[in-house]
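Peer 1: Attaching a single structure in structure tokens format; questions to follow.
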DNA sequence: TGCTCGATTCCCGATGAACGGGAAGGTGTG
DNA sequence: CACACCTTCCCGTTCATCGGGAATCGAGCA
């Protein structure tokens, strides 16, 4: 009832099973799995056996884990790996020059999904974790990616109800349009206190061969963390490097997709 | 006929579909997918629709890609992410001190599956790529992990036919036993010219809370790449750091599992 | 314009694999 | 010893999957 398309197909069951494993539950017993996936236990045991047979799950003693083979297959085939590989060296450059938490994220639905980060510290360990999400409208990465997205994506964004996450969250559509225009004009987004109080998030887009903004590169500058301009420069330089590695070759300004 | 357990279950079909996407085929049309997965086209279309419904696949125009949600779910739940997160900062240390290609791998079947690397150069771009495999007996990581593995794993390794990959590949079981003993005694493995000619691979084990060797950390030292001892020291230091982050707390020597 | 070929979508009847309740066996705990 | 819980196995029912095939779409070509 909650979600319109919650079928009960095999695929859906598999999703529930994979979902049952998360950062706090990297290994489960079969019974725990059945409970967490909300499946009858005999059904669970049968499916688990199939999955073990394909090495998508592994047994360690009595406990089950997602198989390395599953990680391998998904990673190899996912566009994420290509992005990550292209970006990591440049992220290291940024991190070593500006010294702040540096993250790479993509837009997925209403969220930014983070695919890599380096240089996290006590303040940011819980922010922008790899394979986790943050609401797009609450992060500089999300705003920059939306600003450079297609007209449809941007309109859908503006039509959404955007809950204020902090007292600096921008939720007014008219104001957001102005912010987007500013981001497209300057090529970057600077937002104070979006997620981490007393800090500033800065993000720039990364383009692929087709000129689409496929990822956002960001740093979180803590209070007294140095001038914003330094981070912007480092990010823009890195962004061009990553974009070039992805096959992009036109000047940044021309790559902007105007709705 | 080739493989004994090649069923035709739904799970198996899904594996074939995910496998159809790889680094050279990150996006496929539905028809290409059907061919590569060796499935009837009407069946493929039906399954693809299910997968799209769960966001495990995504459409971009007419082409299909593995969905970000699939990557997210699998990454979040996989033990690989925990290892990677714990290891990356220490890998950066190693890389910046010794300056060589640094990789993290786990033992999976007969292979080493690499889960992270940094500092790759022209010589090593094709070696130890993330989410790819190399035969365990042809890498220092593989040897070190096997040396510290359980008796069963080690015996299975020694019983296998080990094709010589280069002229320095060790394939003789008796010789390998001696090598394993030496690795367990010293806590590291130094192997010249295993994969990359004129270079030396050095690897150390990483232990988890239970004292199991769960990963291997390695560097590839090119010719004239400085003394081996420097790399060994950096690796051992990093290994202890990573192991501690994983909850390990006993002295390295005691963590050795003797068969 | 009409033709061809391949990709994609849709339909539908047969069938057999998935389903899950339940019982039996195992294990550890109070 | 009793109890609770996990795991495995069995088995009759049923309903979702299967895939051949037809219809539609669309690009390229003569």
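Chains as they are written, first to last, in the numbering used here: chain A, 123 to 381; chain S, 123 to 381.
A virtual CB, placed ideally from N, CA and C, is assigned to each residue, including glycine.
All of these numbers come straight from a predicted model, not from anything done at the bench.
Sort out for me which residues DSSP pairs residue 323 of chain S with in a bridge.
Peer 2: S:313 and S:342
Peer 1: Using the Cα positions of residue 140 of chain S and residue 306 of chain S, report the straight-line distance between them to the nearest angstrom.
Peer 2: 38 angstroms
Peer 1: Take residue 265 of chain S and list the residues in its own chain whose beta-carbon comes closer than 6 angstroms to its own, dropping the five residues that flank it on each side.
Peer 2: 311
Peer 1: For residue 380 of chain A, count the other beta carbons within 10 Å of its own beta carbon; 16 or more makes it buried, fewer makes it exposed. Which is it?
Peer 2: In this predicted model, residue 380 of chain A has a pLDDT of only 39, less than 50, meaning its place in the structure is not dependable enough to derive any value.
Peer 1: In three-state DSSP terms, what is residue 204 of chain S?
Peer 2: helix
Peer 1: Could you give the C-beta distance for residue 250 of chain S and residue 225 of chain S, rounded to a whole number, given that I count them as a contact under 8 angstroms?
Peer 2: Residue 250 of chain S to residue 225 of chain S, Cβ: 4 angstroms. Contact.
Peer 1: Round the Cβ separation of residue 220 of chain A and residue 365 of chain A to the nearest angstrom and send it over; I've been treating them as touching at under 8 angstroms.
Peer 2: That belief does not hold up - the Cβ atoms of residue 220 of chain A and residue 365 of chain A are roughly 19 angstroms apart, past 8 angstroms.
Peer 1: How would you write the range of the alpha helix (DSSP H) that residue 162 of chain A sits in, first residue to last?
Peer 2: For residue 162 of chain A, no alpha helix (DSSP H) run applies, since DSSP gives it neither H nor E.
Peer 1: Which class does residue 89 of chain S belong to by DSSP, given the choice of helix, strand or coil?
Peer 2: Outside the shown range of chain S (123 to 381) lies residue 89 of chain S, about which nothing can therefore be said.
Peer 1: Taking residue 132 of chain A as the query, report the chain S residues whose CB atoms sit under 7 angstroms from its CB, ordered along the chain.
Peer 2: 132
Peer 1: Please determine, among S:339, S:191, S:257 and S:185, the residue with the shortest C-alpha to C-alpha distance to residue 147 of chain S.
Peer 2: Among S:339, S:191, S:257 and S:185, the Cα nearest to that of residue 147 of chain S is on S:185.
Peer 1: Where do the N-terminal and C-terminal ends of the alpha helix (DSSP H) with residue 137 of chain A fall, by residue?
Peer 2: 132 to 142
Peer 1: I need the boundaries of the beta strand (DSSP E) containing residue 282 of chain S, first residue and last residue.
Peer 2: No beta strand (DSSP E) contains residue 282 of chain S, which DSSP labels as neither H nor E.
Peer 1: Residue 211 of chain A to residue 358 of chain A, Cα distance in whole Å?
Peer 2: 14 angstroms
Peer 1: Note down, in chain order, each residue of its chain lying with its Cβ closer than 6 angstroms to the Cβ of residue 297 of chain S, except the 5 sequence neighbours on either side.
Peer 2: none
Peer 1: Using DSSP bridges, identify the partner residues of residue 257 of chain A.
Peer 2: DSSP, once it has assigned bridges, lists A:233 as partnering residue 257 of chain A.
Peer 1: Taking 9 angstroms as the cut-off, decide whether the C-beta atoms of residue 232 of chain A and residue 176 of chain S are in contact.
Peer 2: no
Peer 1: Residue 368 of chain A by DSSP, collapsed to three states: which one?
Peer 2: coil
Peer 1: Could you please tell me which residues of the segment 183 to 198 of chain S, in chain order, have their CB closer than 9 angstroms to any CB of chain A?
Peer 2: 187, 188, 189, 190, 191, 192, 193, 194, 195, 196, 197 and 198
Peer 1: Between the C-alpha atoms of residue 124 of chain S and residue 239 of chain S, what's the straight-line distance to the nearest angstrom?
Peer 2: At residue 124 of chain S, the pLDDT of 31 sits below 50, so the modelled position is not reliable and the matter cannot be decided from this model.
Peer 1: Considering residue 187 of chain A, what are the terminal residues of the alpha helix (DSSP H) in which it resides?
Peer 2: Counting along the chain, residue 187 of chain A falls outside any alpha helix (DSSP H), though it belongs to the beta strand (DSSP E) covering 185 to 188.
Peer 1: If we call anything under 9 angstroms between Cβ atoms a contact, is residue 255 of chain S one with residue 234 of chain S?
Peer 2: For residue 255 of chain S and residue 234 of chain S, yes; Cβs fall inside 9 angstroms.
Peer 1: Assuming the contact rule is C-beta atoms closer than 8 angstroms, residue 309 of chain A and residue 326 of chain A should be a hit. Round their C-beta distance to whole Å, please.
Peer 2: 6 angstroms
Peer 1: For the alpha helix (DSSP H) containing residue 262 of chain S, name the first residue and the last one.
Peer 2: 262 to 269
Peer 1: Specify the secondary structure class of residue 330 of chain S as computed by DSSP and reduced to three states.
Peer 2: coil
Peer 1: Between A:368, A:138, A:217 and A:247, which has its C-alpha nearest residue 199 of chain S's C-alpha?
Peer 2: A:138
Peer 1: Whole angstroms is fine: what's the gap from residue 196 of chain S's alpha carbon to residue 237 of chain A's?
Peer 2: 12 angstroms
Peer 1: Less than 9 angstroms between the C-beta atoms of residue 316 of chain A and residue 242 of chain A, yes or no?
Peer 2: no
Peer 1: Report buried or exposed for residue 126 of chain S, applying the criterion of at least 16 other Cβ atoms within 10 angstroms of its Cβ.
Peer 2: At residue 126 of chain S the pLDDT is 33, less than 50, meaning the model places this residue with poor confidence; the figure from the coordinates comes in the next sentence. With fewer than 16 neighbouring CB atoms inside 10 Å of its own CB, residue 126 of chain S falls in the exposed class.
Peer 1: Going by DSSP in three states, residue 347 of chain S sits in which element: helix, strand or coil?
Peer 2: coil
Peer 1: If you count every other CB in all the chains shown that lies within 10 Å of the CB of residue 222 of chain A, and 16 or more means buried, which is it?
Peer 2: buried
Peer 1: Excluding the five sequence neighbours on either side, which residues of its own chain have a C-beta within less than 7 angstroms of the C-beta of residue 282 of chain S, listed in chain order?
Peer 2: Contacts found: 232.
Peer 1: Starting from residue 180 of chain A, trace the beta strand (DSSP E) in both directions and tell me its first and last residue.
Peer 2: 179 to 182
Peer 1: Please check if any C-beta of chain A sits within less than 9 angstroms of the C-beta of residue 216 of chain S.
Peer 2: no
Peer 1: Within 10 Å of its beta-carbon, does residue 371 of chain S have 16 or more other beta-carbons around it, so buried, or fewer, so exposed?
Peer 2: exposed
Peer 1: Starting from residue 426 of chain A and walking both ways along the alpha helix (DSSP H), at which residues does that stretch end?
Peer 2: Residue 426 of chain A lies beyond the stretch modelled for chain A, which goes from 123 to 381, so this question has no answer here.
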